[in-house]
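Residue numbers (full-length UniProt numbering): 1 to 151. Backbone N, C-alpha and C fix where the C-beta goes; we use that ideal spot for every residue, glycine too.
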């Protein structure tokens, strides 16, 4: 035996366990020994689902958590420490909305501009951007500067 206390065990073949007893078993279980319960009660499943949903929905009591990104103006290979500061933004649902938001934050027209990651790879879909990514809005004249530096 593993030393488990079976004083309160249901030895009569019942398939359910009271919530209080279940919580007590969970608190007293030993690490390394698995406890298998064939049927989890509906209330326990609901509590777990509610906890997961609360963690997903609540973020500091302010509502739904959205992914954010830091956005910088200029090509990542041309920027230096004295370049313009970036902006922290909440990621919108589409690339068009993202470009519009960036244009509004930095005060310029983003038509013809592209969005890249830190390595300079063009990002063409909002789905590939993750929380806390660093994005760069690159205008046409930045490409001209980059080409001039390569020569």
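Give the straight-line distance between the Cα atoms of residue 128 and residue 25, rounded to the nearest whole angstrom. To locate residue 128, count along the chain shown from 1; it is residue 128. To locate residue 25, count along the chain shown from 1; it is residue 25. Each residue's Cα considered, the two are about 43 Å apart.
Beta carbon of residue 167 nearer than 8 Å to that of residue 131: Coverage of the chain is limited to positions 1 through 151, which leaves residue 167 absent and any answer about it impossible.
Roughly how many angstroms separate the alpha carbons of residue 117 and residue 99, rounded to a whole number? To locate residue 117, count along the chain shown from 1; it is residue 117. To locate residue 99, count along the chain shown from 1; it is residue 99. Approximately 14 Å, taken between the alpha carbons.
Look at residue 138 and residue 86 and say whether their C-beta atoms are less than 8 Å apart. As a first step, residue 138 is located in the chain shown; it is residue number 138 there, counting from the start. As a first step, residue 86 is located in the chain shown; it is residue number 86 there, counting from the start. Their beta carbons are not under 8 Å apart, which means residue 138 does not touch residue 86 by this criterion.
Would you decide whether residue 52 is buried or exposed? Buried here means 16 or more other CB atoms lie within 10 Å of its CB. On the chain shown, position 52 is the one that residue 52 refers to. Summary for residue 52: the model assigns pLDDT 49, below 50, so the residue's position carries little reliability, and this model does not support an answer.
Contact under 8 Å by Cβ, residue 120 with residue 77: By 1-based counting over the chain shown, the position of residue 120 is 120. By 1-based counting over the chain shown, the position of residue 77 is 77. Yes; because the gap between Cβ atoms is below 8 Å, this pair is in contact.
In this structure, what does DSSP give as the bridge partners for residue 122? The residue given as residue 122 occupies position 122 in the chain shown. Paired residues: 116.
Mapping the DSSP letters down to three states, classify residue 72 as helix, strand or coil. Residue numbering aside, residue 72 sits at position 72 when the chain shown is read from its first letter. In this structure, residue 72 counts as strand in the three-state DSSP scheme.
Using the rule of at least 16 other Cβ atoms within 10 Å of the residue's Cβ for burial, across every protein chain shown, is residue 136 buried or exposed? Taking the first residue of the chain shown as 1, we reach residue 136 at position 136. Classification of residue 136: buried, given that the 10 Å Cβ count is 16 or more.
Beta-carbon proximity list for residue 66, same chain, < 8 Å, skipping 5 on both sides: Start at 1 with the first residue of the chain shown, and residue 66 comes out as number 66. Only 90 and 91 meet the Cβ criterion.
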